[in-house]
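**Q** For the sequence shown, the numbering used here gives the first residue as 24, with consecutive numbering after it. Got a structure here, written out as structure tokens. Questions coming.
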Amino acid sequence: MAAEQEDTGPETSHPIRGALQRLGLLGGPGLAALTWLALPEAPLGADGTPIVFGAAGRATAAAAVWMAVWWLSEAIPVYATALLPLVLLPLAGARSMAEAAAPFAHPLIFLFMGGFLIALTMERWGLHRRLALRALRAVGDRPSHMVAGFMGVTAVLSMWVSNSATAVMMLPVACSVIALVGGPMCSAVGADEGAADAHRPDSPVRPFALALLLGIAYGASIGGIGTPIGTPPNLFLLSYVRDHLGREISFVRWMSVALPLVAVFLPIAWWLLTRVLFPSPLARIPGWNDLVGRSLAALGPMGRGERITLVVFVGAAFLWVTRPLLSSLSIAGVRPFAGLTDAGIAMLAALSLFVWPVDWRARTFALDWESAVRLPWGVLLLFGGGLSLAAAIQANGVGELLASRIGALAGLPSLVIVLAVTTGVVFLTELTSNTATTATLVPILAALAPGLGLDPLLLIVPAALAASCAFMLPVATPPNAVVFGSGWVGIPEMSRAGFWLNWIGVVLITALVYTVALPRLAGG
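As structure tokens, this is what we get:
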């Protein structure tokens, strides 16, 4: 799941990055003005008939260009850019304020909010750490098995808990393991002085440390794909499909598509790290079982707060899985759960955490506002802004105009187009926010698909999945940045592993779209 800092995008301290931001700050409104001037009010479609466009369409296209430039250059915080539709669209007469603001209260935004609140409660009581340690205790002390265990636990946790928080939580455990085999102790803010030896090519600890730490970063990104609330691009895609394609993709239906990708991608990433790029000369990790035992003992017995959180989490997961059955359940001709939705389940779970007491006399509840206020409000605003822009593109003829101008590509095989989209998004998100990229490209690709004779899902599903597959650079995702900050992982090592994983992701996503995603989602 996206974290508080999940989608801020790359760091801004690099001079080239700063220059691009300054250029984007002026380029956004400048290109928007040129777009407004260049577009006719009554363009002709591919068949020669006029497209209903007018001033509203020109304003929407200009706003889309402005937002795309600011999102991709991060001229201002991406969350602030998401507020532009509330200003530009009503001011230009393209949408009323009510119409522009409505997507900010989209039901699936509340699904994400509820998921965030469950995750924050887990973090408050330390349940995620206990679950991780219990799972890691079972993997044994062989280096390759240990990397597999860390990657698996990280992936599962990141389906429900923030990717960033998961990586930050797993890093100290991984650093302790590295110290067990003679490496310098590390943390999220760098390694100890002895870390210089870690970068020696002949260090026996180095391959294991690289595989372990990169496995955590990549496991978090891959695992987040698995559920609708795992990462923001997933939920934006589901919101767009529901509102503009008229198709409902449930929690379970998405998992039926995404989990096979995770189940294939994760072992391949493990094999690449431990067998091809960084094979470890170590036979076993001495003291591993003692380390896990001491860590669990330090947590003490499971407290009431943890038990309450676990019950609510399991209950929410059960309702998400069984919702289709419950919604169709009829008792004496009445369907009591017909109005049950994934968003409603998420909010029910979140509210139950606010009212379930851990200590009634002390007025301590499983979730309090001091914890809840840490919600990543910016991510929710980013969703709203993207959905607001998408609704305007759909309503004001911009999508139809784009579709009418794409006829030159209609003769290309669909496989070539899907590969091009997937490859472009994978490498674009190495330098840009994954949610901003998704919010920019999904409405455009959906509008282009009919002109190419393709189902929109064939383009927008791989685009959303590809947005989560940035593995090459520390600035690409927070998990990458977390392990880079440990002092063990250098940019050359991350780029080498990430380059291959990027291309593997392109192949797997393209194959998944044709074999699993389109057949299962087309009837959603």
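Where is the CB? At the ideal position from N, CA and C, for every residue including glycine.
In the DSSP assignment, find the unbroken alpha helix (DSSP H) run with D313 in it and report its ends.
**A** Counting along the chain, the alpha helix (DSSP H) containing D313 begins and ends at W311 to L322.
**Q** Does DSSP put A347 in a helix, a strand or coil?
**A** In the sequence as presented, Ala is not what sits at residue 347; that position holds Pro. Reduced to three states, the DSSP call for P347 is helix.
**Q** Note down the Cα distance separating R543 from M182, rounded to an integer number of angstroms.
**A** Whole-angstrom Cα-Cα distance: 20 Å.
**Q** Are the CB atoms of L548 and V505 nearer to each other than 8 Å?
**A** The requested residue 548 does not occur in the structure, where the chain is confined to residues 24 to 547.
**Q** Would you mind reading off the limits of the beta strand (DSSP E) that contains D382?
**A** Counting along the chain, the beta strand (DSSP E) containing D382 begins and ends at P380 to D382.
**Q** Under the rule that 16 or more other beta-carbon atoms within 10 Å means buried, what is V110, buried or exposed?
**A** So V110 counts as exposed.
**Q** Judging by CA-CA distance, which residue of L376, L131 and A487 is the nearest neighbour of D391?
**A** When each option's Cα is compared against that of D391, the closest is L376.
**Q** In three-state DSSP terms, what is F388?
**A** Correct three-state label for F388: strand.
**Q** Note down, in chain order, each residue of its chain lying with its Cβ closer than 6 Å to the Cβ of S351, except the 5 sequence neighbours on either side.
**A** No residues qualify anywhere along the chain.
**Q** Which residue wins for smallest C-alpha separation from V285, given the options L374, M174 and V381?
**A** Cα-wise, what sits closest to V285 is M174.
**Q** For N312, does the count of other Cβ atoms within 10 angstroms reach 16, so buried, or fall short, so exposed?
**A** Per the 10 Å Cβ criterion, exposed.
**Q** Which value, in whole angstroms, describes the spacing of the CA atoms of A540 and V337?
**A** If you take the alpha carbons of A540 and V337, they lie about 27 Å apart.
**Q** Identify the residues that DSSP records as bridge partners of I354: which are they?
**A** Note: I354 sits in a beta bridge opposite V357.
**Q** Tell me which residues share the same chain as V536 and place their Cβ nearer than 7 Å to its Cβ, disregarding the 5 neighbours each side in the sequence.
**A** V441, L481, V484 and P485.
**Q** Which of the three DSSP states is assigned to M11 in this structure?
**A** Examination of residue 11 is not possible in this model, given that the chain is present from 24 through 547 alone.
**Q** Going straight from the alpha carbon of L143 to that of A78, what length do you get?
**A** Looking at the two C-alpha atoms, the distance is approximately 45 Å.
**Q** Could you check if A339 belongs to the surroundings of the ligand GTP, using beta carbon to heavy atom distance under 7 Å?
**A** The ligand GTP is absent from the structure shown, which contains no ligand whatsoever.
**Q** Output yes or no for whether 8 Å exceeds the beta carbon distance between W56 and S411.
**A** Correcting the residue type first, residue 56 is Ala in the shown sequence and not Trp. No. Outside cutoff.
**Q** Have a look at L60, V88, P251 and L62 and flag the residue whose alpha-carbon is nearest the alpha-carbon of P52.
**A** Answer by Cα proximity: V88.
**Q** To the nearest whole angstrom, what separates the beta carbons of M169 and V200, a pair I think is in contact under 8 Å?
**A** Contact flag correct, Cβ pair sits at about 7 Å.
**Q** Would a C-beta distance cut-off of 8 Å place T548 and W93 closer than the cut-off?
**A** As displayed, the chain neither begins before 24 nor continues past 547, which places residue 548 out of reach and without an answer.
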